[in-house]
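Chemist: Numbered per the numbering used here, the sequence shown spans residues 258 to 429. Glycine included, each C-beta is placed from N, C-alpha and C at the ideal position.
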Amino acid sequence: MEQLRFEFALLPTSDGKSNIYCVTSITTKEQNMFAIPEEIQSVGLHKELINTSAYNTVKNSLKKRYQTRKVWNKLSDELSKIYVDEDGNLQFGEQYLEEIEQKVTSGGQVTDTQSLEKLFSKLIESTQEIKKQNLKYIAEKFVIDKFTSKNSNASQWQVAGLPASVPTREDK
Numbered sequence: 258m259e260q261l262r263f264e265f266a267l268l269p270t271s272d273g274k275s276n277i278y279c280v281t282s283i284t285t286k287e288q289n290m291f292a293i294p295e296e297i298q299s300v301g302l303h304k305e306l307i308n309t310s311a312y313n314t315v316k317n318s319l320k321k322r323y324q325t326r327k328v329w330n331k332l333s334d335e336l337s338k339i340y341v342d343e344d345g346n347l348q349f350g351e352q353y354l355e356e357i358e359q360k361v362t363s364g365g366q367v368t369d370t371q372s373l374e375k376l377f378s379k380l381i382e383s384t385q386e387i388k389k390q391n392l393k394y395i396a397e398k399f400v401i402d403k404f405t406s407k408n409s410n411a412s413q414w415q416v417a418g419l420p421a422s423v424p425t426r427e428d429k
């Protein structure tokens with residue numbers, strides 16, 4: 258492996274208040290893409306990669322949150338020791354990187370199925386959470402109490418569309 262393609266992204270920190278530069282994936286010449294786990298994506302952990310000229314250019318080009326850049330880097334001896342083991346497997350630190358499966362569609366486009374599956378599962382979870390609301394609670398929101406002498410909540414009736422000129426106890 259002479260070159261690797263690193264994907265850089267400007268992502269929010271865990272508190273959501275500031276941004277951080279991250280390395281999200283690495284692609285080989287054979288177009289095999291490997292994901293970097295979230296806990297080791299920060300560029301602060303990739304010290305040798307920070308020293309490259311490509312990183313400085315990427316840092317200047319990423320201005321907004323969630324922007325990404327993919328850059329080819331020649332593997333120096335230091336980078337090779339960090340990202341490739343002696344058998345040619347991609348790694349970082351003490352972890353092997355997970356390969357992301359990409360499928361080619363009929364139009365010749367490569368789609369990242371893993372990210373689509375994650376989005377779909379989040380969508381399903383969010384719609385199921387909405388349906389778990391108590392029906393009694395929902396019905397109480399839409400039902401207006403009877404207006405009697407014991408219950409003098411006229412403001413509820415005024416909001417419901419009755420004219421504001423209906424006298425209430427406060428007006429008398």
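Helix, strand or coil, according to DSSP, for Val328 in the structure here?
Modeler: strand
Chemist: Assess contact between the segment 318 to 331 and the segment 391 to 398, defined as three or more Cβ pairs (one per stretch) separated by less than 8 Å. Is contact present?
Modeler: no
Chemist: Does DSSP classify Leu419 as helix, strand or coil?
Modeler: Note that Leu419 scores a pLDDT of 46, beneath 50, so its modelled location is shaky; the value from the coordinates is reported in the next line. It is coil, neither helix nor strand.
Chemist: Secondary structure at Asn317, three-state DSSP: helix, strand or coil?
Modeler: helix
Chemist: Helix, strand or coil: which one does DSSP assign to Ser333?
Modeler: coil
Chemist: Taking Cβ to Cβ, would you say Ala266 is nearer than 8 Å to Thr309?
Modeler: no
Chemist: Kindly identify the DSSP beta-bridge partner or partners of Glu264.
Modeler: Ser282 and Lys327
Chemist: Is the segment 265 to 279 touching the segment 332 to 352 in the sense that three or more CB pairs, one from each, lie closer than 8 Å?
Modeler: Taking one beta carbon from each stretch, the segment 332 to 352 and the segment 265 to 279 have fewer than 3 pairs nearer than 8 Å; the two do not touch.
Chemist: In angstroms with no decimal places, state the Cα-to-Cα distance between Thr384 and Ser299.
Modeler: 32 Å
Chemist: In chain order, what residues of the same chain lie with their CB nearer than 8 Å to the CB of Glu358, ignoring the 5 residues before and after it?
Modeler: Thr370 and Gln371
Chemist: To the nearest angstrom, how far is it from the Cα of Glu343 to the Cα of Glu351?
Modeler: Their backbone Cα atoms lie some 14 Å apart in a straight line.
Chemist: I'd like the list of long-range same chain contacts for Arg262, defined as Cβ closer than 6 Å, with 5 residues on each side in sequence excluded.
Modeler: Thr284, Lys327 and Trp329
Chemist: Out of Leu319, Gly273 and Lys286, point me to the one whose CA is closest to Val280's CA.
Modeler: Leu319
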